[in-house]
Amino acid sequence: MKYYDKLIFEISKPGRKGYTLPANGYGRGLAELPEGLRRGEPLGLPEVSEPDVVRHYTNLSQMNFGVDTGFYPLGSCTMKYNPKINEEVAAMPGFIGLHPLQDGADGAKAVIEGLDKALAEITGMAKFTFEPCAGAHGELTGLMIMRSYHMRRGDTARTKVIVPDSAHGTNPASAAVCGLEVVEVKSNAAGLVDVEDLKPLLGSDIAGIMMTNPNTLGLFEKEIAEIASLVHGCGGLLYYDGANMNPLLGVVRPGDMGFDIMHLNLHKTFSTPHGGGGPRSGPVGVAAHLADLLPTIKVSGFHGNFGVMLRAYAYILMLGRQNVALAGKYATLSANYIKESLKDCYKLPIPSVCKHEFVFDGLVNDGSGPEREGATTLDVAKRLLDFGFHAPTIYFPLLFHQALMIEPTETESLETIDAFIGVMREIAAEAAADPAMLKAAPHCAPIRRPDETTAARQPILKYQP
Amino acid sequence: MAGFSYFPHTEDDIRTMLEKIGVSSLDDLYADVPPQFIHKGGYDLPDAMSEQQVRDFFEDLASRNTRYKIFAGAGAYDHYTPAVVPYITSRSEFLTAYTPYQAEISQGTLRYIFEYQSMICSLTGMDVSNASLYDGPTAAAEAMKMALACTKKKTRVLLSKGLLPQVSQVVETYARFHGVPLGYVEMEKGRTSLESLKAQLEAGDVAGVIVPALNRFGIIEDYTGFAEAVHEAKAVVVEYCDPSALAVIKTPGEWDFDIAVGDGQPLGIPVCFGGPYVGFMACRSDYVRKMPGRIVGQTVDADGKRCYVLTLQAREQHIRREKATSNICSNESLMALYVTVYMALMGPEGLRQVNDLSYAGAHYLHDALLATGKFEEAFTAPFLKEFVLNPLVSAEALQKALAAAGFFGALSTEEGYVSFCVTEKRTREEIDALVAAVKEV
Numbered sequence: 001m002k003y004y005d006k007l008i009f010e011i012s013k014p015g016r017k018g019y020t021l022p023a024n025g026y027g028r029g030l031a032e033l034p035e036g037l038r039r040g041e042p043l044g045l046p047e048v049s050e051p052d053v054v055r056h057y058t059n060l061s062q063m064n065f066g067v068d069t070g071f072y073p074l075g076s077c078t079m080k081y082n083p084k085i086n087e088e089v090a091a092m093p094g095f096i097g098l099h100p101l102q103d104g105a106d107g108a109k110a111v112i113e114g115l116d117k118a119l120a121e122i123t124g125m126a127k128f129t130f131e132p133c134a135g136a137h138g139e140l141t142g143l144m145i146m147r148s149y150h151m152r153r154g155d156t157a158r159t160k161v162i163v164p165d166s167a168h169g170t171n172p173a174s175a176a177v178c179g180l181e182v183v184e185v186k187s188n189a190a191g192l193v194d195v196e197d198l199k200p201l202l203g204s205d206i207a208g209i210m211m212t213n214p215n216t217l218g219l220f221e222k223e224i225a226e227i228a229s230l231v232h233g234c235g236g237l238l239y240y241d242g243a244n245m246n247p248l249l250g251v252v253r254p255g256d257m258g259f260d261i262m263h264l265n266l267h268k269t270f271s272t273p274h275g276g277g278g279p280r281s282g283p284v285g286v287a288a289h290l291a292d293l294l295p296t297i298k299v300s301g302f303h304g305n306f307g308v309m310l311r312a313y314a315y316i317l318m319l320g321r322q323n324v325a326l327a328g329k330y331a332t333l334s335a336n337y338i339k340e341s342l343k344d345c346y347k348l349p350i351p352s353v354c355k356h357e358f359v360f361d362g363l364v365n366d367g368s369g370p371e372r373e374g375a376t377t378l379d380v381a382k383r384l385l386d387f388g389f390h391a392p393t394i395y396f397p398l399l400f401h402q403a404l405m406i407e408p409t410e411t412e413s414l415e416t417i418d419a420f421i422g423v424m425r426e427i428a429a430e431a432a433a434d435p436a437m438l439k440a441a442p443h444c445a446p447i448r449r450p451d452e453t454t455a456a457r458q459p460i461l462k463y464q465p
Numbered sequence: 466m467a468g469f470s471y472f473p474h475t476e477d478d479i480r481t482m483l484e485k486i487g488v489s490s491l492d493d494l495y496a497d498v499p500p501q502f503i504h505k506g507g508y509d510l511p512d513a514m515s516e517q518q519v520r521d522f523f524e525d526l527a528s529r530n531t532r533y534k535i536f537a538g539a540g541a542y543d544h545y546t547p548a549v550v551p552y553i554t555s556r557s558e559f560l561t562a563y564t565p566y567q568a569e570i571s572q573g574t575l576r577y578i579f580e581y582q583s584m585i586c587s588l589t590g591m592d593v594s595n596a597s598l599y600d601g602p603t604a605a606a607e608a609m610k611m612a613l614a615c616t617k618k619k620t621r622v623l624l625s626k627g628l629l630p631q632v633s634q635v636v637e638t639y640a641r642f643h644g645v646p647l648g649y650v651e652m653e654k655g656r657t658s659l660e661s662l663k664a665q666l667e668a669g670d671v672a673g674v675i676v677p678a679l680n681r682f683g684i685i686e687d688y689t690g691f692a693e694a695v696h697e698a699k700a701v702v703v704e705y706c707d708p709s710a711l712a713v714i715k716t717p718g719e720w721d722f723d724i725a726v727g728d729g730q731p732l733g734i735p736v737c738f739g740g741p742y743v744g745f746m747a748c749r750s751d752y753v754r755k756m757p758g759r760i761v762g763q764t765v766d767a768d769g770k771r772c773y774v775l776t777l778q779a780r781e782q783h784i785r786r787e788k789a790t791s792n793i794c795s796n797e798s799l800m801a802l803y804v805t806v807y808m809a810l811m812g813p814e815g816l817r818q819v820n821d822l823s824y825a826g827a828h829y830l831h832d833a834l835l836a837t838g839k840f841e842e843a844f845t846a847p848f849l850k851e852f853v854l855n856p857l858v859s860a861e862a863l864q865k866a867l868a869a870a871g872f873f874g875a876l877s878t879e880e881g882y883v884s885f886c887v888t889e890k891r892t893r894e895e896i897d898a899l900v901a902a903v904k905e906v
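The listed protein sequences correspond, in order, to chains A and U. Counting in this note's numbering, the first sequence runs from 1 upward without gaps. Counting in this note's numbering, the second sequence runs from 466 upward without gaps.
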């Protein structure tokens, strides 16, 4: 990767243009607009030719790392390979030219119905809504359904939702947006929801519980049957955060575990690209007894991110019944293999078999001494960039101070994984010998570590000529 | 084992890995799952298809959709997408990256988001933009919450009845669960009524008001006196904008409004059956710490080189959890790139011409439709590219006649008007053909 310094505004020159448009042959135009409704301020967009635009953004792209560039073991993000047939399908003119309100969209409706049926079969839910545009949007939608269920029964006192301390940050934030108060349930020493801590929290004010299974430590919540029975027993519902669905793909169905509502991240489990942050899709599935509530919750403009749905459906059809049962198992195999191969160099707080991901708590030997500061998880992450790997998720979950969360997915070869393990061992050795070198990493990326403090204290949030 | 093209695992690989882990089979990795939860009997899914079969399957479905010439808007506008836009956005370094957490190897994403923020600020006349939100309606819902955060002790939010129905509906959904009472500002002669607004403000409980730049009748609103009235009541004004139109019509900044939101779709994003699109949000610098979503800022690296990072993260869910400004985690980054590349190509003059052509075509159609004698004017206020008429024939018959001639238009509004929209993609010949079809009704 090479550093490229320009902003598009800095290659602008008055008089250049990057568009072609037909001439206005109507004999009328904007000159008719009343003066008081017209824009007065000049528009600060660049003036650039088409080749300038293409080269500029190509240069920018070369400072970026994607799944196609290399291994991306970002925990809880499921950075699996994004199949190229998906892109071809999503770009078909017969789909992208469809107005969302038009009739004559039988093919598009068949896509939504087919995907709905496939996801229902894979998850054990009855019906999905595709309006949510991301995972957190799905959580919010799911909680709206949970509240609607109670309100419909006239049970207005259920204003609290239970969230484990290991949960993704979006869980409590979604609950707050939905007008619910968050009650935290603790994890036990084994990293699982502490059932004894849960019991006293349950009562007539509990709307339900949000859980991900496996949890953010990558551990299967094996007491889920008892948890489901307890929560249902107090009149609450169970919400499944599908962010960690990948290891269960083709193995376990959330509906069978007692969950009433769930979301899926099509951009994680179902291979659609993350796009540097989006567009994503977070469809919400519900058990049969809640299906009639779905049309009462309008959370986005039209039918959701249809282009993302097309990609996910293409992926499911490629997998088919024959391969769907392999994805989750291979992802789990790779995660456990990495964990076992590195646990002598990195602290493993919970040694049990993991699912798609696991969490280390920093280096066994961080190289610290009386005169020198040891290497941290951040330093390990930055040093990985020098070797052509993306960093794992760091400092999450919050249960450990030096959390390093690794998720390999099922699409990486043993050779890639072994190379990663080799580099992680080399970095551990470097840390023990010379932690200062790690603190200065990365050494080979387009830039070195940015000054985030100044960025936040003296914010520069737009181009200033 | 047959193998599958996305999974590199050979039998040997699997054996090597299982040995290292110390278990004898893949199923042993699920020994902690209670047996009753292991799904048995396979999945009722189609047989795995070859890539060619998948392509054929979707080509068949795509062919079952009708490809109309689009003469409708209502929140999804059929503007032209230059070839460069999908070409750049399909580069896998952009497409297959995650949110730019590791700034050192994400300068591409961070840089284009910074450019995007700069362009949105210029379009709206606002000081600060975030890195994008899901879509226009959810951006409006986020703005409702932001208005409450910006104005302590105020509880109610007002919506203009000129907002698109899907915008109001999404805001209403969020309000219902977040516990926000809503009020509505009436329309008068096709525009949001200042009198109605002032009457609502008198209660003293209003935190903010959301009004459209172009309303659902396509009319360009005139907000003379609105900002003064709202600011006097210590509330904020949010304008829901068509960003393409902001190149030529008075901006939220020029109206002295506080927050601008809307959908970036008109900036060259294909209609694509409703998504993915991109929500945008920009505001006055006073309110930046109340703004939801990711924000990119400029800084320098350890060597003093200019670079970009995600910043002001103390507002966000991964730090603040239930106390965050929003539950938003992702943004529509690739669609932000879509509109950034579009705006880079178009520049100020290209966007002006897009609006000029749309304006001219829409007015040409408007006058031609009135001349058929099958409509009456609904309003006389100025419009840009979308307008409504009062049909003297049945709306359904109109829609059918248009469809039969290959056009999608004459959408019914709740008042019984029909709406039309013309973009630069429509030709004079197409407009003439549409009018000819109308004459036959």
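Ideal Cβ placement from N, Cα and C applies to all residues, glycine included.
Expected contact under 8 Å - CB spacing of residue i and residue j to nearest Å
i, j, result
"D379 of chain A", "L438 of chain A", "4 Å"
"S49 of chain A", "G18 of chain A", "6 Å"
"F270 of chain A", "C737 of chain U", "With a Cβ gap of about 18 Å, F270 of chain A and C737 of chain U do not count as contacting."
"A614 of chain U", "K839 of chain U", "About 49 Å separates the two Cβ atoms, so there is no contact after all."
"I460 of chain A", "K770 of chain U", "About 15 Å; that fails the 8 Å criterion."
"V163 of chain A", "P172 of chain A", "5 Å"
Amino acids of chain A, ordered along the chain, whose beta-carbon sits closer than 9 Å to that of residue i
i, result
"S798 of chain U", "H274, G275, G276, G277, G278, P279"
Partners in chain U for residue i, counting only beta-carbon separations shorter than 8 Å
i, result
"T454 of chain A", "T764, V765"
"C345 of chain A", "Residues of chain U passing the Cβ test: none, with the nearest at roughly 15 Å."
"P283 of chain A", "Result: empty, since nearest Cβ-Cβ is about 13 Å, beyond 8 Å."
Closer than 8 Å at the beta carbon, the chain A residues around residue i
i, result
"D512 of chain U", "G320, R321, Q322"
"T638 of chain U", "M144, I297, K298, V299"
"R520 of chain U", "I85, E88, V89"
Beta-bridge partners of residue i, as assigned by DSSP
i, result
"G208 of chain A", "A:V161, A:L237"
"K534 of chain U", "U:F872"
"I714 of chain U", "A:R38"
"M309 of chain A", "DSSP lists no partner for M309 of chain A."
"E653 of chain U", "U:R656"
"D361 of chain A", "A:A403"
"A725 of chain U", "U:E704, U:A747"
"V286 of chain A", "A:K127, A:I261"
"D766 of chain U", "A:P450"
"Y315 of chain A", "Paired residue(s): none; Y315 of chain A is not in a bridge."
Within chain U, the residues that residue i reaches when beta carbons sit closer than 7 Å
i, result
"S229 of chain A", "Correct list: empty, because the minimum Cβ distance to chain U is about 13 Å."
"I8 of chain A", "E580, A809"
"D68 of chain A", "S557, T561"
Interface residues of chain A facing residue i [CB-CB closer than 7 Å]
i, result
"Q782 of chain U", "G169, T170, A173"
"H828 of chain U", "R28"
"S587 of chain U", "L43, G44, L45"
Cβ-heavy atom distance, residue i to the ligand FMN, below 7 Å
i, result
"A640 of chain U", "No copy of the ligand FMN occurs in the structure displayed, which carries no ligand at all."
9 Å Cβ cut-off: residues of chain U touching residue i
i, result
"A375 of chain A", "Within chain U, no residue comes near A375 of chain A; the closest Cβ sits about 17 Å away, beyond 9 Å."
"N82 of chain A", "S557, L560, T561"
Legend entry - Cβ contact check for the segment 127-147 of chain A and the segment 283-301 of chain A: 3 or more pairs under 8 Å: yes
Inset, instruction - Indicate whether the contact test is met: 3 or more Cβ pairs, each with one atom in the segment 519-531 of chain U and one in the segment 95-110 of chain A, closer than 8 Å. - result: yes
Legend entry - Cβ pair count under 8 Å reaching 3, the segment 648-666 of chain U against the segment 618-625 of chain U: yes
Inset, instruction - Would you check if there are 3 or more beta carbon pairs closer than 8 Å linking the segment 808-825 of chain U to the segment 883-900 of chain U? - result: yes
Legend entry - Touching by the beta-carbon criterion (3+ pairs, under 8 Å), the segment 692-712 of chain U and the segment 494-507 of chain U: no
Inset, instruction - For the segment 541-560 of chain U and the segment 45-65 of chain A, state whether three or more C-beta atom pairs, one from each stretch, are separated by less than 8 Å. - result: yes
Legend entry - Selection of the segment 720-737 of chain U by Cβ proximity to chain A, strictly under 8 Å: D728, P735, V736, C737
Inset, instruction - Check whether the segment 213-225 of chain A touches the segment 142-154 of chain A, counting contact only when three or more Cβ pairs, one atom from each stretch, lie closer than 8 Å. - result: no
Inset, instruction - Specify whether the segment 383-402 of chain A and the segment 70-80 of chain A touch according to this definition: at least 3 beta carbon pairs, one from each stretch, less than 8 Å apart. - result: yes
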